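Numbered per this note's numbering, the sequence shown spans residues 5 to 502.
Ideal placement from N, C-alpha and C gives every residue a C-beta, glycine not left out.
Computed from a prediction, not measured in an experiment: that's the story for all the values here.
First the structure, in the form of structure tokens, and then the observations on it.
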Amino acid sequence: MATSLESYFYLSSSNHANNESGPIVLPRETEVAEKQDKSLLRVASALAFICVRDQKEVYAVAIRFSGQSSVIFLAENYGVPRETEIFLETVVSELGQLARSQPSREEPPNLRDTVQASDETPIGTLILKHTFPKFFSSLTKRDSTWDARVASIRVYLAERSRDLKLFQIILQQIGVIYRSASLLQSRSNDALQMNRRLTALYGDLSTLETFIRRSNERDELARLLAEIDRTSRGLPAEPDSIIEDDLDLDLTENNTLKDGFSMTRFIFRIIAVNIHIRRLLRLAVSPTYKSFFDNYPIIKYCPPVERSAVVDPSSLLKTMNAHEGVVTKYELPETITGPLHAELSIFSTLLQESFSGESPYPAIGVSKLSCVGCYAIIAKAFPQVIKEHEGQMGSMNPFIIQGTHGKMYWPWVAPDLSFATHFLPFDLDLSMRIAADQYLREALAQYIDSRCLSDSSIGSGTSDRLEGVGDFAETAMQLAEIRDREISEELAQLDGMI
Ligand SMILES: [Zn+2]
5 MATSLESYFY LSSSNHANNE SGPIVLPRET EVAEKQDKSL LRVASALAFI CVRDQKEVYA
65 VAIRFSGQSS VIFLAENYGV PRETEIFLET VVSELGQLAR SQPSREEPPN LRDTVQASDE
125 TPIGTLILKH TFPKFFSSLT KRDSTWDARV ASIRVYLAER SRDLKLFQII LQQIGVIYRS
185 ASLLQSRSND ALQMNRRLTA LYGDLSTLET FIRRSNERDE LARLLAEIDR TSRGLPAEPD
245 SIIEDDLDLD LTENNTLKDG FSMTRFIFRI IAVNIHIRRL LRLAVSPTYK SFFDNYPIIK
305 YCPPVERSAV VDPSSLLKTM NAHEGVVTKY ELPETITGPL HAELSIFSTL LQESFSGESP
365 YPAIGVSKLS CVGCYAIIAK AFPQVIKEHE GQMGSMNPFI IQGTHGKMYW PWVAPDLSFA
425 THFLPFDLDL SMRIAADQYL REALAQYIDS RCLSDSSIGS GTSDRLEGVG DFAETAMQLA
485 EIRDREISEE LAQLDGMI
């Protein structure tokens, strides 16, 4: 092959390219085939999501669930920190205890409301505590642009008292969460007090999550927020088709200055931790996954992998005349070094396990949507190679993954699959590179600069609607008022102490 796969990603690096149009964005793809079991992917994705403590971290998780043994594989781009290992072991052990102490519950709709608040809080606060640094950083950028945006939405809704009221209640909830989180962020040596604040914040998040996703007003709210998002982007208030259920959020897109800011995404980013906690709790008592957690899962950690590759973007560009305008300046070929992305570490490890006769891990969950490179390898090249070499790869099946946000990230390096030569009659590493190259080439040829990007894996599934939660708006307002008073009192006490 003339150029390496890595060269594609070098194209997108602003450090290396005179690329004024920003990173290259290929089409977003998040289709998971209907026939595949998404709940396995959900367990893996939720576990990956709750591990993220720092916004820069990316976790990938694969789980195996066969008879009496449960295994969890965890990887992070730069290696899993020890504190995260301890955290995940604690969470998994807590979920196991929940699975053992609760009778198995039927699948939805009954399952939806069967996890009691008392089951939820300890594990919820445990997870919220671990993820708090990332959570808090997603809240803090409420600047003058945010204020201006809120003001313009109020003007837009001025004549519609019901909608304006609903919007005000959402703002009120966000305000409570913001104050509650700020209180938690302020230092305290009193562990008991910190725990109380954490529990309170978890309650505040639950209130917003219930209002947005599970109350009787949820459809009204979804329509209202979608309309606000469309009009703020200059689109007509009424969509051509019915509301997209694609309530995705971008964990990195928290700057309200950014064009295309979505109120819906902003809210879902805030309640994302809550959504994942609920999913895990429900799965831990579900008839299908109860025994996964009950089995005392073994947790394995993939060590970080660093790889080097020769990149030659100039030669690559010469073969793609149509896109010379996209990126303009490149130097001579050079050798680059980068970390293997977490999902590729897992992918490579799982292939080795599979060749050694271990039973398969069907899904790879990632704490956000994958980049184009990882998606090209796992979701495009691998299934194609399996098809091309039918009968030569045993019972190997493609992995289920959530999808790609379409961005090309730098640094990116391809996995080394040369170990497969011991097991296969063909060169897997080469076949994978050829297949991935073909996909990337075609995708780049259709390069589009999409404005609606998302890195997250939340929300593309159906929402967990709770039957029987009535109108919630009034309750939400009352709760917000109570919480506002509590927080103010606590702040006053803090002032008194200083
Ligand atoms: Zn990647």
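Buried or exposed: which applies to Q406, given that a residue is buried once 16 or more other Cβ atoms fall within 10 Å of its Cβ? Residue mapping note: residue 406 aligns to position 402 of the sequence shown, counting from 1. Burial is judged here by how many other beta carbons sit within 10 angstroms of a residue's own beta carbon; Q406 has at least 16 and is buried.
Taking 7 Å as the cut-off, is the C-beta of S352 nearer than that to any heavy atom in ligand 1? Position 348 of the sequence shown, counting from 1, holds the residue named residue 352. No, the beta carbon of S352 sits no closer than 7 Å to any heavy atom of ligand 1.
What I want to know is whether the C-beta of G377 ends up closer than 7 Å to one or more non-hydrogen atoms of ligand 1. Along the sequence shown, read from residue 1 onward, the residue named residue 377 stands at position 373. Yes.
Sub-8 Å separation of A171 and I157 beta-carbons: Numbered from 1 along the sequence shown, position 167 holds the residue referred to as residue 171. Numbered from 1 along the sequence shown, position 153 holds the residue referred to as residue 157. Here residue 171 is Phe; the residue named in the question, Ala, does not match the sequence. Yes, the pair counts as a contact, with Cβ atoms nearer than the cut-off.
Taking the beta strand (DSSP E) that A79 falls in, what are its first and last residues? Counted from its first residue, the sequence shown places residue 79 at position 75. Per DSSP, A79 belongs to the beta strand (DSSP E) from 73-80.
Are T203 and T125 close, meaning C-beta to C-beta below 8 Å? Here residue 203 corresponds to residue number 199 of the sequence shown, with the count starting at 1. Here residue 125 corresponds to residue number 121 of the sequence shown, with the count starting at 1. In this structure, the beta-carbon distance from T203 to T125 falls below 8 Å.
Residue of L434, F53, V159 minimising C-alpha distance to L92: Sequence index remark: in the sequence shown, residue 92 carries index 88 (1-based). Between L92 and the set L434, F53, V159, the nearest pair of CA atoms involves F53.
When you compare only the Cα positions, how much space is there between M428 and T339? By 1-based counting over the sequence shown, the position of residue 428 is 424. By 1-based counting over the sequence shown, the position of residue 339 is 335. Reading the sequence as shown, one finds Leu at residue 428 and not Met. Spanning the two alpha carbons is a distance of roughly 29 Å.
Any heavy atom of ligand 1 closer than 7 Å to the beta-carbon of E347? The count along the sequence shown starts at 1 and reaches residue 347 at position 343. Checking every heavy atom of ligand 1 against the Cβ of E347, one is found closer than 7 Å.
Is it the case that the segment 95-107 contacts the segment 60-73, given that we only count it when at least three CB pairs across the two stretches are under 8 Å? Contact annotation: the segment 60-73 does not touch the segment 95-107, with fewer than three C-beta pairs closer than 8 Å.
Kindly examine ligand 1 and report whether one of its heavy atoms sits closer than 7 Å to the Cβ of W416. Position 412 of the sequence shown, counted from the start, is the residue given in the question as residue 416. Yes.
Contact between the segment 409-429 and the segment 362-376: three or more CB pairs below 8 Å? Three or more beta-carbon pairs drawn from the segment 409-429 and the segment 362-376 are found closer than 8 Å, and the two stretches are therefore classed as touching.
Are the segment 277-284 and the segment 43-58 in contact at 8 Å, needing three or more beta carbon pairs? Short answer: they touch.
Please give the ranges of any alpha helix (DSSP H) in the segment 203-239, keeping only runs that are unbroken, at least 4 residues long and fully inside the region. If you keep only unbroken alpha helix (DSSP H) runs of at least 4 residues inside the segment 203-239, you get 222-236.
What is the rounded straight-line gap between the Cα of M198 and the Cα of A313? By 1-based counting over the sequence shown, the position of residue 198 is 194. By 1-based counting over the sequence shown, the position of residue 313 is 309. As the crow flies, the alpha-carbon of M198 is around 48 Å from that of A313.
Go ahead and pull the three-state DSSP assignment for E310. Numbered from its first residue, the sequence shown carries residue 310 at position 306. In the structure shown, E310 sits in a strand (DSSP, three-state: E or B).
For a test of the three-state rule: what should DSSP assign to A367, helix, strand or coil? Mapped onto the sequence shown, residue 367 falls at position 363. Here A367 sits in strand by DSSP.
Is it right to say E111 is buried, meaning 16 or more other beta carbons lie within 10 angstroms of its own, or is it exposed? As a working mapping, residue 111 is identified with position 107 in the sequence shown. Confidence at E111 is low in this model, with a pLDDT of 48, below 50, so the placement of that residue should be treated as unreliable; the coordinate-derived value is given next. Per the 10 Å Cβ criterion, exposed.
Outcome for Q482 when other beta-carbon atoms lying within 10 angstroms are tallied against a minimum of 16: Taking the first residue of the sequence shown as 1, we reach residue 482 at position 478. Label assigned to Q482: exposed.
From P337 to K322, what distance separates their C-alpha atoms? Stepping through the sequence shown from its first residue, residue 337 is reached at position 333. Stepping through the sequence shown from its first residue, residue 322 is reached at position 318. For P337 and K322, the distance between alpha carbons rounds to 13 Å.
Sort D208, A418, F270 by Cα distance to T341 and report the nearest one. Here the question's residue 341 lines up with position 337 in the sequence shown. Of the listed residues, the one whose Cα sits closest to T341 is A418.
Where in the segment 354-419 do unbroken runs of the beta strand (DSSP E), each at least 3 residues long, occur, reported from the N-terminal end onward? You should have 368-370.
Around the Cβ of Q177, are there at least 16 other Cβ atoms within 10 angstroms (buried) or fewer (exposed)? One-based indexing of the sequence shown puts residue 177 at position 173. Buried, because 16 or more other Cβ atoms sit within 10 Å of the Cβ of Q177.
Which of the three DSSP states is assigned to V154 in this structure? Looking up residue 154 in the sequence shown gives position 150. In the three-state scheme derived from DSSP, where H, G and I count as helix and E and B as strand, V154 is classed as helix.
At the level of alpha carbons, what is the spacing between L498 and E61? Here residue 498 refers to the residue found at position 494 of the sequence shown. Here residue 61 refers to the residue found at position 57 of the sequence shown. The straight-line gap from Cα to Cα measures roughly 33 Å.
Identity of the residue in L175, E347, I232, L187 nearest F215 by Cα: Locating residue 215 in the sequence shown gives position 211, counting from the first residue. A check of alpha carbon separations from F215 across L175, E347, I232, L187 identifies L175 as the nearest.
Opposing strand residues paired with V66 [DSSP bridges]: Taking the sequence shown and counting its residues from 1, the one referred to as residue 66 is at position 62. Note on residue identity: the sequence assigns Ala, not Val, to residue 66. Answer is F77, I368, bridged to A66.
For D208, does the count of other Cβ atoms within 10 angstroms reach 16, so buried, or fall short, so exposed? In the sequence shown, the residue the question calls residue 208 occupies position 204. Around the beta carbon of D208, 16 or more other beta carbons lie within 10 angstroms, which makes this residue buried.
Using the Cα positions of R222 and A162, report the straight-line distance between them to the nearest angstrom. One-based indexing of the sequence shown puts residue 222 at position 218. One-based indexing of the sequence shown puts residue 162 at position 158. A162 has its alpha-carbon roughly 21 Å from the corresponding atom of R222.
Return the Cβ separation of L45 and I350 in integer angstroms, given the expectation that the two are a contact with Cβ distance under 8 Å. In the sequence shown, the residue the question calls residue 45 occupies position 41. In the sequence shown, the residue the question calls residue 350 occupies position 346. The beta-carbon separation of L45 and I350, rounded to 13 Å, does not stay under the 8 Å limit for a contact.
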